[in-house]
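**Student:** What follows is a structure written as structure tokens; I'll ask about it next.
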Amino acid sequence: MRRAGHVKPARPLDDGESGGRRWRALAADALRNLGAMRQRSLLALLGIAIGTAAVVALISIGENAREHSMRQFLAMGADILTVQKDFSLSGRPAVLTRADVDRLRALPGVEEVAPLAMLGVEIRQGRTRLPSAVAGVTPEFFALVQAKAAQGRTLTEGDRAATVVVLGAGLARRLAEDGQPPVPGSLLRMGGYNHTVVGVLAGSTPNPVLPLDVDSTAFVPLSGARRVSANSDITNLVVRKMPGATDQAVRQSLSDHFSGGPHPRPVMVQSARQLIIAMTDQARVHTLLLAAIGGVSLIVGGVGVMNVMLMGVVERRREIGLRMALGARPIDVCAMFLAEALALSLSGGVAGVLLGLAAAAVYAWNAGWAFAPSVPSLPLGLGMSSGVGLFFGLYPAVQASRLEPVAALRGE
Amino acid sequence: MTILALDGVHKSHGRAAGAVQVLRDVSLDIRQGEVCAIVGSSGSGKSTLLSLMGLLDRPDSGRLRFEGEEVGTASADRLAALRNRRIGFVFQAFHLLPRLTALENVALPFLYRGVPPRLGRDRAASMLERVGLGDRLHHRPEEMSGGQRQRVAVARAVVGDPALLLADEPTGNLDSATARQIIDLFFALNADLGVTVALVTHDPAIAARCGRRLVMRDGRLDSAAPGAVA
Ligand SMILES: Nc1ncnc2c1ncn2[C@@H]1O[C@H](COP(=O)(O)OP(=O)(O)O)[C@@H](O)[C@H]1O
Ligand SMILES: [Mg+2]
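Order-wise, the sequence lines are chains Z and P.
In terms of my numbering, the first sequence opens at residue 54 and continues consecutively.
In terms of my numbering, the second sequence opens at residue 122 and continues consecutively.
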């Protein structure tokens with residue numbers, strides 16, 4: 054008899070369970086199962102991908118925007134403060150004078166002070182007429198805001214009485230006549246006088262603390278500002294503090310200068326650092342807000358995952374019963390569906406991260422910023438999508454694991 | 122030696138008021154190495170009995186012992202482990218997973234044992250050869266005939282070296298020639314591996330071949346033929 058000769062095979066199976074192998078095999082199984090539900094999976098995957106893309110894109114855009122504005126400040130240095138008349142208070146607005154400039158220069162912690170008269174006039178060159186910001190400045194102004202001449206020169210002490218003008222790079226481009234921007238030696242008509250262009254500045258990014266954008270302003274000597282506009286009072290004082298001086302202290306002594314004495318004058322003192330702090334705070338709030346919006350889309354995607362999984366549980370009752378008959382424990386069934394939900398949402402997450410970075414790159418390119426992929430958005434995007442998958446996959450998975458093997462087999 | 126013992130088992134389906142008493146006071150012993158046929162008219166409770174014997178369901182009352190262990194009140198995990206290692210199932214409708222190949226279907230029980238996948242596949246391949254499907258390892262169920270599918274299912278049931286093989290009308294979906302081959306396979310496995318077989322059948326010819334017949338009648342084992350030997 055064959056049976057007599059039968060030797061029972063050794064059964065190493067009863068011991069030697071290997072957890073790692075078990076989970077790896079379960080994961081492979083999950084991926085195969087997902088492939089079978091391709092079409093519906095794809096829809097849920099799309100939801101997760103869009104949600105993740107939104108989070109990643111918004112965070113990247115927010116970060117790039119913040120870096121961009123930081124770069125603007127750093128271009129001119131973060132040591133600039135401005136004093137301007139405070140029009141918000143009742144009473145006569147303060148008058149800023151040349152004497153203030155000298156006295157502020159003597160304050161401790163102050164390195165340089167430049168007066169500024171903001172005017173708005175129409176510039177004419179040949180047939181071109183362009184309303185433009187014009188600033189009456191003293192020679193120190195250019196060094197103070199680190200503006201350099203790309204052609205010609207900036208203003209000097211010798212220009213005090215001359216009808217000369219220095220143009221910002223952007224303004225020069227806009228004044229181009231037949232494709233020829235004004236060059237040193239060109240004549241521009243402002244306020245009824247011909248002004249000779251003596252220099253065109255190198256391009257620069259606007260510094261939010263200044264009352265003007267250097268790039269799109271025409272600069273004339275402060276003493277000649279009256280020729281351009283009837284009202285040529287000093288509107289602002291631009292101050293550079295010494296690198297060692299604290300922002301707070303310099304702001305305080307500037308304020309004290311105007312509020313002290315028998316006739317206090319209301320002024321506003323603003324510093325670059327103050328603005329930087331306010332802007333980063335604001336950017337952080339924006340980033341959080343935008344991330345929350347992305348989170349909502351992720352949740353919508355998560356509900357999609359839950360739907361796919363719940364329908365899968367219903368459709369695969371027989372399979373669940375069969376697997377239980379073959380020895381799957383409730384936790385194995387739960388793990389199978391969780392792994393599927395995780396695989397689904399994680400592949401959506403990967404697609405979403407790529408999509409989000411692409412969107413952020415396009416946005417940055419459009420806005421003229423330098424694009425740098427936001428590093429924390431990668432783990433955040435993947436983490437959020439897999440978290441969503443696990444969270445929304447848990448209910449269907451538990452439902453599946455609670456099926457009775459015999460009922461599941463009948464497919465009721 | 123008794124492998125499975127039912128003692129005064131009752132089982133009803135459905136909820137309290139509308140409950141249907143399906144098994145009434147069923148007691149039986151399945152002895153190691155035997156081939157046992159369970160026969161009876163449709164609705165007499167054969168499938169219900171088999172699901173209790175296979176630890177897929179629990180009795181309402183009465184005792185159920187498997188290899189000496191009281192399993193009526195065992196945990197779900199314990200029952201799963203016993204089903205995985207000690208029991209094999211064959212169903213009328215085959216119940217193969219359509220997207221898996223024959224080899225993967227047969228290797229499925231090893232997934233729940235933590236057996237290395239390669240070892241599981243090797244054992245699945247040799248079992249498929251054993252049932253005559255050595256040339257169909259990588260075919261999917263839809264590419265196979267009914268008889269071939271049921272062979273795959275039989276291979277899956279015995280690949281884990283179970284003590285008890287349960288089959289619920291395994292030939293119900295097959296023509297008579299193919300059915301004979303499947304039944305031959307059961308007897309061959311019983312002889313080769315020593316696996317105990319209990320199968321539900323409507324076919325008197327098949328029942329006649331089995332060493333023992335249990336007759337179900339309206340939820341009771343017919344005591345007129347208690348463990349009769351052919
Ligand atoms: N889940 C269930 N709920 C209610 N009644 C059921 C259920 N399963 C089976 N039954 C009933 O129990 C009886 C026995 O069913 P079954 O064990 O499948 O019989 P057999 O396999 O002998 O045809 C039948 O009357 C059937 O309608
Ligand atoms: Mg039946």
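Virtual Cβ for every residue (Gly too), placed ideally from N, Cα, C.
Buried or exposed for alanine 158/P, going by 16 or more other Cβ atoms inside 10 Å?
**Tutor:** Taking the second sequence and counting its residues from 1, the one referred to as residue 158/P is at position 37. Taking all protein chains in view, the Cβ of alanine 158/P is crowded by 16 or more other Cβ atoms within 10 Å, so the residue is classified as buried.
**Student:** Mapping the DSSP letters down to three states, classify arginine 239/P as helix, strand or coil.
**Tutor:** Locating residue 239/P in the second sequence gives position 118, where the first residue counts as 1. Three-state result, arginine 239/P: helix.
**Student:** Under 8 Å, CB to CB, which of the residues in the segment 168-188 of chain P have a partner in chain Z?
**Tutor:** Correct list: Ser172, Gly175, Leu177 and Asp178.
**Student:** Lysine 496/Z lies in the beta strand (DSSP E); which residues open and close that run?
**Tutor:** As displayed, chain Z neither begins before 54 nor continues past 465, which places residue 496/Z out of reach and without an answer.
**Student:** Quick check: the Cα distance between histidine 121/Z and glycine 347/Z, rounded to an integer number of angstroms?
**Tutor:** The residue given as residue 121/Z occupies position 68 in the first sequence. The residue given as residue 347/Z occupies position 294 in the first sequence. Rounded to whole angstroms, histidine 121/Z to glycine 347/Z spans 23 Å at the Cα level.
**Student:** Answer yes or no: the CB of valine 321/P versus the heavy atoms of ligand 2, is any distance below 8 Å?
**Tutor:** The count along the second sequence starts at 1 and reaches residue 321/P at position 200. Of the heavy atoms belonging to ligand 2, at least one sits nearer than 8 Å to the Cβ of valine 321/P.
**Student:** Relative to ligand 1, is the shortest distance from any of its heavy atoms to the C-beta of histidine 131/P smaller than 8 Å?
**Tutor:** Within the second sequence, residue 131/P is the residue found at index 10, counting from 1. Histidine 131/P: no, Cβ never under 8 Å from ligand 1.
**Student:** Would you grab the beta carbon distance between leucine 320/P and alanine 284/P for me? Rounded to a whole angstrom, and I think it's under 8 Å.
**Tutor:** In the second sequence, the residue the question calls residue 320/P occupies position 199. In the second sequence, the residue the question calls residue 284/P occupies position 163. In fact, because the Cβ distance is near 15 Å, the residues do not count as touching under 8 Å.
**Student:** Where valine 143/P and alanine 461/Z are concerned, what is the direct C-alpha to C-alpha distance, given to the nearest angstrom?
**Tutor:** Start at 1 with the first residue of the second sequence, and residue 143/P comes out as number 22. Start at 1 with the first residue of the first sequence, and residue 461/Z comes out as number 408. Each residue's Cα considered, the two are about 19 Å apart.
**Student:** Cα separation between valine 99/P and glycine 189/P?
**Tutor:** Within the shown structure, residues of chain P are numbered from 122 to 351, placing residue 99/P beyond reach of any answer.
**Student:** Could you confirm whether any beta carbon from chain P is found closer than 9 Å to the beta carbon of leucine 397/Z?
**Tutor:** Here residue 397/Z corresponds to residue number 344 of the first sequence, with the count starting at 1. For leucine 397/Z, not one C-beta of chain P is nearer than 9 Å to its own C-beta.
**Student:** Name the chain Z residues whose beta carbon is nearer than 8 Å to that of leucine 323/P?
**Tutor:** As a position in the second sequence, residue 323/P is number 202, starting the count at 1. Residue 323/P is actually histidine in this sequence, not leucine. For histidine 323/P, no chain Z residue has a Cβ inside 8 Å of its Cβ, as the nearest lies near 19 Å away.
**Student:** Alpha carbon to alpha carbon, what distance is there between alanine 414/Z and alanine 453/Z?
**Tutor:** Numbered from 1 along the first sequence, position 400 holds the residue referred to as residue 453/Z. Numbered from 1 along the first sequence, position 361 holds the residue referred to as residue 414/Z. One C-alpha to the other measures close to 42 Å.
**Student:** Take the Cβ of isoleucine 330/Z as the centre, count every other Cβ of all protein chains shown within 10 Å, and call the residue buried at 16 or more, exposed below.
**Tutor:** Counting from 1 along the first sequence, the entry for residue 330/Z is found at position 277. Under this definition isoleucine 330/Z is an exposed residue.
**Student:** When the Cα atoms are used, what is the spatial distance from phenylalanine 444/Z to serine 324/Z?
**Tutor:** Here residue 444/Z is taken as the residue at index 391 of the first sequence, counted from 1. Here residue 324/Z is taken as the residue at index 271 of the first sequence, counted from 1. Straight-line Cα distance between these residues: approximately 47 Å.
**Student:** Can you find a heavy atom of ligand 1 that lies under 8 Å from the Cβ of alanine 378/Z?
**Tutor:** Position 325 of the first sequence holds residue 378/Z. False, no ligand heavy atom lies under 8 Å from that Cβ.
**Student:** By Cβ distance below 7 Å, which residues in the same chain neighbour glycine 58/Z in space, the five residues on each side in sequence not counted?
**Tutor:** Start at 1 with the first residue of the first sequence, and residue 58/Z comes out as number 5. Low per-residue confidence applies at glycine 58/Z: pLDDT is 42, beneath 50, and the placement is therefore not dependable enough to give any value.
**Student:** Since threonine 292/P and isoleucine 124/P are thought to touch, with beta carbons under 8 Å apart, how far apart are those beta carbons, to the nearest angstrom?
**Tutor:** Position 171 of the second sequence, counted from the first residue, corresponds to residue 292/P. Position 3 of the second sequence, counted from the first residue, corresponds to residue 124/P. Their Cβ separation, rounded to whole angstroms, is 23 Å, which puts threonine 292/P and isoleucine 124/P out of contact at 8 Å.
**Student:** Measuring only the C-alpha atoms, how far is aspartate 82/Z from aspartate 343/P?
**Tutor:** Within the first sequence, numbered from 1, the residue matching residue 82/Z stands at position 29. Within the second sequence, numbered from 1, the residue matching residue 343/P stands at position 222. Taking the straight line from one Cα to the other gives about 45 Å.
**Student:** Using 8 Å for Cβ pairs, my map puts glycine 205/Z next to glycine 256/Z. What's the rounded Cβ distance?
**Tutor:** By 1-based counting over the first sequence, the position of residue 205/Z is 152. By 1-based counting over the first sequence, the position of residue 256/Z is 203. Not really, about 15 Å apart at Cβ, beyond 8 Å.
**Student:** Going by other Cβ atoms of all chains shown within 10 Å of its Cβ, with 16 needed for buried, is arginine 334/P buried or exposed?
**Tutor:** Along the second sequence, read from residue 1 onward, the residue named residue 334/P stands at position 213. Looking at its Cβ environment, which holds 16 or more other Cβ atoms inside 10 Å, arginine 334/P is buried.
**Student:** Between aspartate 289/P and ligand 2, is there a pair consisting of the residue's CB and a ligand heavy atom that are separated by less than 8 Å?
**Tutor:** Indexing the second sequence from 1 puts residue 289/P at position 168. Yes.
**Student:** Which same chain residues, not among the five before or five after glycine 129/P, have their C-beta less than 8 Å away from its C-beta?
**Tutor:** Indexing the second sequence from 1 puts residue 129/P at position 8. Answer for glycine 129/P: Asp146, Val147, Ser148, Ser182, Gly183 and Arg184, listed in chain order.
**Student:** For glycine 162/Z, name the three-state secondary structure that DSSP assigns.
**Tutor:** Counting from one through the first sequence, the residue named residue 162/Z turns up at place 109. DSSP places glycine 162/Z in coil when its eight states are reduced to three.
**Student:** The alpha helix (DSSP H) with phenylalanine 231/P in it runs from where to where?
**Tutor:** For this step, residue 231/P is matched to residue 110 along the second sequence. Per DSSP, the unbroken alpha helix (DSSP H) holding phenylalanine 231/P starts and ends at 223-232.
**Student:** Would you say proline 238/P faces chain Z, with C-beta separation under 9 Å as the test?
**Tutor:** As a first step, residue 238/P must be located in the second sequence, where it is residue number 117. Chain Z, which has a Cβ nearer than 9 Å to the Cβ of proline 238/P, makes this yes.
**Student:** Which one or two residues does DSSP pair with serine 185/Z in a beta bridge?
**Tutor:** Here the question's residue 185/Z lines up with position 132 in the first sequence. Note: serine 185/Z sits in a beta bridge opposite Val174/Z.
**Student:** So what does DSSP say about histidine 316/Z, is it helix, strand or coil?
**Tutor:** Residue numbering aside, residue 316/Z sits at position 263 when the first sequence is read from its first letter. If DSSP states are grouped into helix, strand and coil, histidine 316/Z belongs with coil.
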